[in-house]
Amino acid sequence: MKLRIIYIGFFVLLFPGKVLRAQPSVAVIPQPNRISLTGGELTLRDHSLVFEPEALLFRDASELFREQLFVRTGFTWFKTGEAAGAILAFKQNTGLEQEEYILDMGPDAIVVEASARAGAHNAVMSLLQMMVLGKEGGVSRIPRGKIQDKPAFSWRGYMLDESRHFFGVEKVKQLLNWMAFYKLNRFHWHLTDEPAWRLEIRKYPLLSLVGGIGSFTDPAAGARYYTQQEIRDIVAYAAKRQIEIIPEIDMPGHATAANRAYPQFSGGGSRNHPDFTFHPAKKGTYTYLTHILKEVNVLFPSGWVHLGGDEVSFGSEAWNNDRLIDSLKAGRKLAGNKEVETYFMRRMADSLFRMNARIGVWDEMADSGLPKEKTLQFWWRHDKPEQLQLALKNGYATVICPRIPLYFDFVQAENHRYGRKWGKAFGTLEALYKYPVEDLQKSETYKGQIAGVQGNLWTETVNTTDRLDFLTFPRLAALAEVGWSESRTKNYDRFLEGLRKHLGLYKEENLYFYDPFDPAKEEAYFNKPPERYPDNPED
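Written out as structure tokens, the structure reads:
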């Protein structure tokens with residue numbers, strides 16, 4: 002029987018003096034790393050029985066599969082406590098790693114094997130994609146065979162900046178759905194910065210009521226922020242999708258919005274970045290920020306809080322004219338403002354550690370002396386590879402997210418007039434897909450030190466949900482394969498062929514996406530600058 006949908010093609014792996022049999026591919030992004038097909042198809046029809054075991058281990062995966070299957074295909078599969086006649090069965094296999102799974106697609110049924118919730122989730126997302134893309138009418142056809150799969154990297158993240166522009170609960174949930182669909186598992190949420198503070202803190206209500214006012218393009222916009230109840234709802238929604246949320250509370254710089262609300266803790270700033278810093282020499286600053294982090298840590302159970310630590314020099318010149326900071330420098334023998342930054346971050350890190358949480362920081366903190374077993378570095382400055390080397394040399398686990406090509410706010414094609422560029426460089430889909438993250442592993446001081454990859458969307462130039470979609474899709478799909486698939490599995494031509502089908506899914510959900518197959522096509526809307534637009538921003 003002809004396989005109309007599922008087979009994308011074959012590719013050959015060549016090794017010196019030896020040719021291995023080509024591994025088939027399936028209509029799944031990210032592409033699985035071990036596939037063995039036996040030929041023929043398994044035909045699945047609506048109203049088939051799904052066997053859901055009693056174990057809580059597989060409940061989230063089973064429920065999410067049935068929910069998403071209905072949303073995307075209209076199929077109304079239901080659970081049964083009887084194994085007899087089941088089309089889908091779950092089996093615990095303790096020999097598999099946390100995210101590893103086996104998907105055995107036999108002649109009459111499908112068996113999911115996993116050792117943990119994450120593995121079961123990954124299995125059903127692969128099955129869901131094959132069923133969605135293999136659907137014709139009331140029937141879905143998937144190939145017979147076996148997939149045994151696990152990710153190349155444990156950290157596969159997407160970062161959204163909502164300080165500069167706010168998008169709200171439903172948009173965030175939609176992004177989480179697509180992250181889950183592509184097996185991305187870390188949502189880094191940038192909630193505080195210069196334009197606005199987007200998180201309710203009950204001990205300090207003015208942070209959201211005053212600090213939440215404005216956006217990058219409209220400083221007078223009404224206050225918009227997430228209530229703690231909304232945060233709990235989103236965190237639970239993500240957890241069901243095996244996604245951890247890592248909040249970012251930026252400090253000691255990028256503190257302008259917070260300082261509007263509570264100016265007594267401001268350390269000043271510069272002409273271009275007023276009230277940019279928290280005050281590093283006031284005891285009250287550390288008490289204030291520790292109370293904030295206590296509420297944050299309770300809201301986000303991932304055990305990680307990102308504290309930023311970047312670009313402090315934009316506003317730390319004010320520290321040179323502050324008698325309290327002069328006394329701090331003298332008393333602690335701190336040579337300059339950079340040493341003050343490090344002192345500040347160590348104190349705030351200690352507050353997190355007492356809460357049994359760990360700290361994430363940008364690569365400016367690679368030489369901070371933070372404890373390596375509790376710290377995660379994020380290498381973002383592509384023009385400073387020495388910072389990555391320093392983080393690795395100092396033993397820090399590190400997430401790879403350089404501006405080029407992993408900043409999603411950079412333009413995707415030469416004809417795109419507005420959006421970021423670095424000189425003449427920007428972030429094409431192909432450059433993202435082919436980013437050689439595996440080569441960076443050669444500099445590891447221990448195996449697995451490079452935790453994974455992350456795409457970051459800063460929103461200075463992103464003031465609508467359409468523009469958010471345009472910059473995120475289909476980059477999100479390429480990012481997923483960069484973080485999941487092994488080098489031997491990756492093939493850009495094969496990825497593009499599969500992506501064509503996924504663009505249809507974007508259309509069905511009314512996403513305004515970038516079409517790499519028609520790069521000259523861009524609506525005039527996206528060649529119109531936001532009301533306030535920085536000329537070629539580089540930092």
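My numbering numbers the first residue of the sequence shown as 2 and each following residue consecutively.
Beta carbons: idealized from backbone N, C-alpha and C, even for Gly.
As the structure is a prediction and not an experimental result, all values here were calculated from the model.
Looking at the unbroken beta strand (DSSP E) that takes in residue i, where does it start and where does it end?
i: N457; result: 451 to 458
i: P403; result: That residue, P403, is in no beta strand (DSSP E); it is neither H nor E in DSSP.
i: Y159; result: 156 to 162
i: F354; result: Note, F354: premise wrong, no beta strand (DSSP E); alpha helix (DSSP H) at 338 to 355.
i: S141; result: 140 to 150
i: R225; result: Neither: R225 is in no beta strand (DSSP E) and is coded neither H nor E.
By alpha-carbon positions, which one of the options ends up nearest to residue i?
i: R501; options: T228, A478, D384; result: A478
i: K422; options: D410, G139, A432; result: D410
i: F315; options: G96, N416, W190, H274; result: H274
i: M356; options: G304, N492, D494, L377; result: G304
i: G544; options: G484, K295, F188, W198; result: Here the chain comprises residues numbered 2 to 540, so residue 544 is not present and cannot be evaluated.
i: I148; options: P386, H292, N34; result: N34
i: K435; options: Y102, I250, L70, K491; result: K491
i: N260; options: T376, T286, A28, A239; result: T286
i: A432; options: E312, D194, Y493; result: Y493
i: E374; options: A181, Y447, F66; result: Y447
i: N322; options: G337, L308, G332, R333; result: G337
i: R73; options: G484, T399, Y238, G139; result: G139
i: E296; options: A240, I250, F188; result: I250
i: H255; options: V125, E231, G310; result: G310
i: A153; options: A398, G484, F345, R489; result: G484
i: D276; options: M252, I293, L65; result: M252
i: E312; options: R324, S271, D219; result: S271
i: D194; options: K339, H307, F518, G75; result: H307
i: Q24; options: R489, F496, V133; result: R489
i: I232; options: F188, V400, E64; result: F188
i: P475; options: W459, N464, F518, S486; result: F518
i: G505; options: Q130, R347, T343, A392; result: Q130
i: F217; options: N464, A240, M126; result: N464
i: L393; options: A90, L294, A367; result: A367
i: A398; options: E487, S486, R359, D384; result: R359
Just to confirm the assignment, what range does the alpha helix (DSSP H) spanning residue i have?
i: L480; result: 476 to 485
i: A230; result: In the sequence under discussion, the amino acid at residue 230 is Gln, which differs from the Ala named in the question. Element bounds for Q230: 229 to 241.
i: Y434; result: 430 to 434
i: R35; result: Counting along the chain, R35 falls outside any alpha helix (DSSP H), and DSSP gives it neither H nor E.
i: R165; result: First-last for R165: undefined, no H or E at that position.
i: Y493; result: 493 to 509
For residue i, which residues from the same chain have a beta carbon less than 6 Å from its beta carbon, with the 5 sequence-adjacent residues on both sides left out?
i: G269; result: A319
i: A414; result: P520
i: E98; result: K151
i: V341; result: P281, L335
i: A262; result: L207, L208, V211, G212
i: E114; result: K92, N94, I103
i: L325; result: A282
Starting from the C-beta of residue i, find all residues in its chain whose C-beta is less than 8 Å away, skip the five residues before and the five after it, and write them out in chain order.
i: V236; result: I246, L300, F301, P302
i: R118; result: L58, F59, D61, A62, Q243
i: T95; result: S116
i: R382; result: D364, Q388, P403, R404
i: P108; result: G41, L43, R145
i: Y238; result: K174, L177
i: S267; result: A256, N260, D276, T278, F279, H280
Pop quiz: residue i and residue j are said to be a contact at Cβ under 8 Å. What is the actual Cβ separation, rounded to whole angstroms?
i: Q455; j: L407; result: 7 Å
i: D352; j: T291; result: Residue 352 is actually Ser in this sequence, not Asp. S352 to T291, Cβ: 4 Å. Contact.
i: A350; j: L371; result: 6 Å
i: I36; j: S26; result: 7 Å
i: A121; j: L104; result: Actually they are not in contact, since the Cβ atoms of A121 and L104 sit about 10 Å apart, beyond 8 Å.
i: F379; j: G396; result: No, F379 and G396 are not in contact; Cβ-Cβ is about 16 Å, not under 8 Å.
i: L377; j: A452; result: 7 Å
Keeping to the same chain, check which residues put their C-beta closer than 7 Å to that of residue i; ignore five residues upstream and five downstream.
i: Y183; result: I30, P31, L477, A478, A481
i: F354; result: K375
i: Q390; result: S444
i: H191; result: M160, L161, D162, E163, S164, E249
i: N186; result: R157, Q243, I244, E245
i: L70; result: F76, W78, L129, M132
i: R348; result: Y287
i: S155; result: A452, G453
For a cutoff of 7 Å on Cβ pairs, would you count residue i as touching chain C?
i: K174; result: Although the question refers to chain C, the structure presented lacks it and comprises just one protein chain.
Open item on the list: Check whether the region 167 to 184 and the region 466 to 482 touch, using three or more Cβ-Cβ pairs below 8 Å as the test.
Closed with: yes
Task: Cβ contact check for the region 415 to 427 and the region 437 to 444: 3 or more pairs under 8 Å - done: no
Open item on the list: Across the region 508 to 515 and the region 190 to 208, are there enough close Cβ pairs to call them in contact, namely three or more that are closer than 8 Å?
Closed with: no
Open item on the list: When you compare the region 486 to 504 with the region 187 to 207, are there three or more beta-carbon pairs, one atom per stretch, that lie closer than 8 Å?
Closed with: no
Open item on the list: Tell me whether the region 226 to 236 and the region 272 to 291 touch, counting them as touching only if at least three CB pairs, one residue from each stretch, are closer than 8 Å.
Closed with: no
- [ ] Flag this pair as touching only if the region 151 to 165 and the region 40 to 50 have three or more C-beta atom pairs under 8 Å; answer yes or no.
- [x] no
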